[in-house]
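A short worksheet on the structure shown next.
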Amino acid sequence: MNSLQDKLQTVFNELPIKGEAALKMRRALIVQGLFRQAIEQVYKEKASYILSHINAVYILKDKETNDKELIIYADDSLIRADLDARQEFIKVALFSQGEEIQSARFVASRGNMKKHHPFVEIEDIEYDNPQYLVYFTQTHHPLDEGQEAAVEAATELIEDQRVAQSFSKAMRANLETHN
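This is the structure we're talking about:
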């Protein structure tokens, strides 16, 4: 069975989007997908709660040593503390997906970063909570027909329905916020 990374690589090779922007978008979506799966593996039924407090995830590679560092921005100190306590489990989960991490850093989200919730599902948004409503209405723009077609074409190539659905949501969210 191919890894998530291999499947996403295949899908992105078929997309009409090219260049450095496409490479960055692809890597960001891959990192988000890998991180989501790792958190679901480590936290099981509590994963959605943990993910709702994550504001950004990066995997940075040191140019000299090639060591990779996982950087997680979270808006809740208790979540950061718990992630820190379980960082070795998260690293093992990421390693099982082909991403070897040497170190992890957990950073407090500040300013506008607190408004960013890449792992919150649309159906989980608390519409009566002004924080979510303001974020959603200010940053999400509907996709045009070409973007919808690109998402559909990319999703059709993924055999696993769960992965396809997650990929579609991630790609739509990325395109909606960067429109």
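Counting from -2, one number per residue, gives the positions in the sequence shown under the numbering used here. No residue lacks a Cβ here, since even glycine has one placed at the ideal position from N, Cα and C.
Cβ-heavy atom distance between residue i and the ligand MG below 7 Å?
i, result
"residue 109", "Absent from the structure shown: the ligand MG. Ligands present: none."
Rounded to a whole number of angstroms, what is the C-alpha to C-alpha distance between residue i and residue j?
i, j, result
"residue 183", "residue 20", "There is no way to answer for residue 183, as the model of the chain reaches only from -2 to 176."
"residue 166", "residue 62", "34 Å"
"residue 76", "residue 164", "25 Å"
"residue 153", "residue 141", "19 Å"
"residue 156", "residue 29", "19 Å"
"residue 85", "residue 151", "33 Å"
"residue 91", "residue 101", "12 Å"
"residue 158", "residue 67", "28 Å"
"residue 145", "residue 17", "21 Å"
"residue 80", "residue 104", "11 Å"
Might you give, ordered along the chain, the residues of its own chain that have their beta carbon closer than 6 Å to the beta carbon of residue i, omitting 5 neighbours on each side?
i, result
"residue 168", "148"
"residue 177", "No answer is possible for residue 177: it lies beyond the span of the chain, which begins at -2 and ends at 176."
"residue 58", "65"
Residue i by DSSP, collapsed to three states: which one?
i, result
"residue 92", "helix"
"residue 98", "coil"
"residue 160", "helix"
"residue 39", "helix"
"residue 28", "helix"
Strictly under 8 Å for the Cβ-Cβ distance: is residue i near chain C by that measure?
i, result
"residue 144", "Among the chains of the structure shown, chain C does not appear; only one protein chain is present."
Measure the CB-CB distance between residue i and residue j and report whether it falls below 8 Å.
i, j, result
"residue 26", "residue 96", "no"
"residue 65", "residue 99", "yes"
"residue 106", "residue 71", "yes"
"residue 139", "residue 53", "no"
"residue 74", "residue 117", "no"
"residue 69", "residue 56", "no"
"residue 87", "residue 39", "yes"
Taking the continuous alpha helix (DSSP H) assigned at residue i, which residues delimit it?
i, result
"residue 261", "One cannot answer for residue 261 here, as it falls past the ends of the chain, which runs -2 to 176."
"residue 66", "Unbroken run through residue 66 is the beta strand (DSSP E), 65 to 71; no alpha helix (DSSP H)."
Grab me the residues of residue i's own chain with a C-beta within less than 7 Å of its C-beta, minus the 5 sequence neighbours each way, in chain order.
i, result
"residue 113", "52, 53"
Along the beta strand (DSSP E) that carries residue i, what are the first and last residues, could you check?
i, result
"residue 54", "51 to 58"
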